[in-house]
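Chemist: The sequence shown maps to residues 1 to 420 in the UniProt record's numbering.
Every residue gets a Cβ at the ideal spot worked out from N, C-alpha and C, and that includes glycine.
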Amino acid sequence: MRDLFDRIIENKGPLGKWASQAEGYFVFPKLEGHISNRMKFNGKEVITWSINDYLGLANHPEVLKADAEAAAEHGAAYPMGARMMSGHTDLHEQLQNELAQFVNKEATYLLNFGYQGMVSAIDALVTKDDIIVYDVDSHACIIDGVRLHMGKRFTYQHNDMDSLEKNLERATKMAEQTGGGILVISEGVFGMRGEQGRLKEIVALKQKFNFRLLVDDAHGFGTLGATGAGAGEEQGVQDQIDVYFATFAKSMASIGAFLAGDKEVIDYLKYNLRSQMFAKSLPMIFVKGALKRLDMLRSMPELKAKLWGNVDALQNGLKARGFDIGTTQSCVTPVYLNGSIPEAMALVKDLRENYGIFCSIVVYPVIPKGLILLRMIPTATHTMDDINATLEAFSAIRDRLENGTYKRLSAAVEAAMGDK
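1. What ranges does the alpha helix (DSSP H) occupy inside the stretch 197-271, keeping only unbroken runs of at least 4 residues that lie completely in it?
2. Distance, Cα to Cα, R400 vs V335?
3. On the premise that F211 lies in contact with I182, defined as a C-beta separation below 8 Å, what is that separation, rounded to the nearest angstrom?
4. When you compare each of T390, R375, L213, L125 to I51 by their alpha carbons, which one comes out closest?
5. Cutting at 8 Å between CB atoms, please list the residues of its own chain near A411, excluding the five before and the five after it.
6. Please go through the same chain and pick out, in chain order, the residues whose beta-carbon is closer than 7 Å to the beta-carbon of E301, but skip the five residues on each side of it.
7. With a threshold of 16 other CB atoms inside 10 Å of the CB of residue 421, please say whether the residue is buried or exposed.
8. What number of angstroms, rounded off, separates the C-alpha of D419 from the C-alpha of Q116?
9. Quick one: grab the DSSP three-state call for D419.
10. Classify Y406 as buried or exposed, calling it buried when 16 or more other Cβ atoms lie within 10 Å of its own Cβ.
11. How about G151 and V126: do their beta carbons lie closer than 8 Å?
12. Grab me the residues of T178's own chain with a C-beta within less than 6 Å of its C-beta, minus the 5 sequence neighbours each way, in chain order.
13. Chain B beta carbons: is any one of them nearer than 8 Å to that of S120?
14. With DSSP as the reference, identify every bridge partner of L183, one or two as the case may be.
15. Are G370 and N338 touching if we call contact CB-CB under 8 Å?
16. Sort Y364, T390, M161 by Cα distance to M192 and report the nearest one.
17. DSSP three-state call for S330: helix, strand or coil?
18. Grab the span of the beta strand (DSSP E) containing Y25 for me, first residue to last.
19. Going by other Cβ atoms of all chains shown within 10 Å of its Cβ, with 16 needed for buried, is K105 buried or exposed?
20. Apply the 10 Å Cβ neighbour rule to A22 and answer buried if 16 or more other Cβ atoms are within range, or exposed otherwise.
21. Beta strand (DSSP E) containing L4: first to last residue?
22. Alpha carbon to alpha carbon, what distance is there between A121 and L99?
23. Identify, in the order they occur along the chain, each residue of the same chain with its Cβ nearer than 8 Å to the Cβ of G81, setting aside the five sequence neighbours on each side.
24. Taking just the CA atoms, how far does P378 sit from K44?
25. I'd like to check one pair, L214 with I185: are the Cβ atoms closer than 8 Å?
26. If you run the structure through DSSP and keep just helix, strand and coil, what is Y109?
27. Taking the alpha-carbon of F154 as reference, which of N37, D162, N167 has the nearest alpha-carbon?
28. Are T333 and G180 touching if we call contact CB-CB under 8 Å?
29. Sorted by chain position, which residues of the same chain lie with C-beta nearer than 7 Å to M161's C-beta, five sequence neighbours on each side aside?
30. Counting C-beta neighbours from all protein chains within 10 Å, is the total for Y109 16 or more, i.e. buried, or is it exposed?
31. What are the start and end residues of each continuous alpha helix (DSSP H) run of 4 or more residues lying completely inside the stretch 287-375, in chain order?
32. Kindly give me the distance between the Cβ atoms of A58 and I35, rounded to whole angstroms, as I take these residues to be in contact under 8 Å.
33. Quick one: residues in its chain with C-beta nearer than 7 Å to the C-beta of A70, no 5 flanking neighbours on either side, listed in chain order?
34. Tell me the DSSP secondary structure of L273 in three-state form.
35. Who are the near neighbours of V63 in its chain, counting only those whose CB is closer than 8 Å to its CB and skipping five residues on each side?
36. In angstroms, rounded to a whole number, what distance separates the CA positions of I47 and R38?
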């Protein structure tokens, strides 16, 4: 028998093996200053493209005032306890009612954290007799929720309706044997690629198959649709999404999330969501803060208009310069380049140190080997100066990648890692 920790010591994992080269700079970096289009990194001002503050609410004066007043009145603790025991208030109910109206659903239930809320929602919605069919590119919170499932599950190829239909056929046969039902899971916006889930095509399959649809719309809520109600509104199928999930951590620049659907379903979930039944209620700071942010989403359409003006300018500028941004249909702006992990490190260091551009780097195993994904999140706070400077910088670093500059700079890192 071996010591449990032997494996941990010997194998740090596909990302952990880079820790000595990457930690503190490429992973776990420290951005400082007020959340905005420009912050400080390693003591230098950088244009930040890695902050999920789509509508620029994080440091909006009205938001800061509402948050400060809530903190002064309630502190950071109130209400104490889980919602079912001692953590329920009129304002929690008010926020739920206003959210339900905003996303055009009968009812909603607040979640203290989006990630654990999604994990718990999947666990509550299915039994061992049920079958889950989900997009292979689903977010980690969906994958972790599916892992809890004691029954059968199938993945379908990303946004591939033929693959989904084949898996629904398999799921239907199995459900007929077990006596269970089928839950299909998609994202409203896939956070790495920026593609919208093909919700309209998915719900059309309800004419042929009997299933319920759960949609994680973390990146769509507040950014898509005529009113900002998300990908379902954008595609005209919000009423056919059976359980709608969104988080406050993107457009609302805060903490918390919610589930929305028919009242009977939401009533069931609020009595069976283990992550909410046995965890502290969302503190009043975040409840009042969310009420203020939601009011601004409804009453200040200029925020979303400014966001999309910046999105269009950035994405069109990148395409005009010949960059591959995939098939994004959202604010998420991926830029795909070819190169190794060490080359990616050299490239990103050049961007940050010499051009003052801070964006997220995504490499294997999140995406296939040999690809580098630079993921940018435009916000309403960015300016045309930010966008133009970024476009110039990206053109320069692409030239250096293609002429081998980063390969030469990365040789020492490759040798150290034995990954030539």
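Modeler: Taking the structure as given:
1. 199-204, 231-235, 263-270
2. So the two alpha carbons sit approximately 16 Å from each other.
3. 4 Å
4. R375
5. So the qualifying residues of the chain are P342.
6. Checking the sequence, you will find Pro at residue 301 rather than Glu. Excluding residues within five positions, none has a Cβ falling inside 7 Å.
7. With the chain covering 1 to 420 only, the question about residue 421 has no answer from this structure.
8. Legend: pLDDT at D419 = 49, less than 50; position of this residue unreliable, no value from coordinates given.
9. Reliability of the predicted coordinates at D419 is poor, the pLDDT of 49 falling under 50, and the value obtained from them is presented with this limitation in mind. In the structure shown, D419 sits in coil (DSSP, three-state: anything other than H, G, I, E or B).
10. By the neighbour-count rule (16 or more Cβ atoms within 10 Å), Y406 is buried.
11. yes
12. D129
13. No chain B appears in this structure, which consists of one protein chain only.
14. I132, R212
15. yes
16. Y364
17. coil
18. No beta strand (DSSP E) contains Y25, which DSSP labels as neither H nor E.
19. buried
20. buried
21. Looking at the DSSP string, L4 is not in any beta strand (DSSP E), and its letter there is neither H nor E.
22. 18 Å
23. G87, K280, S281
24. 20 Å
25. yes
26. strand
27. Among N37, D162, N167, the Cα nearest to that of F154 belongs to N167.
28. no
29. R198, E201
30. It is buried - the Cβ of Y109 has at least 16 other Cβ atoms within 10 Å.
31. 301-320, 341-355
32. Yes, they are in contact, since the Cβ atoms of A58 and I35 sit about 4 Å apart, within 8 Å.
33. M284, I285, K288, G289
34. coil
35. L57, A253, G289, K292, R293, M296
36. 5 Å
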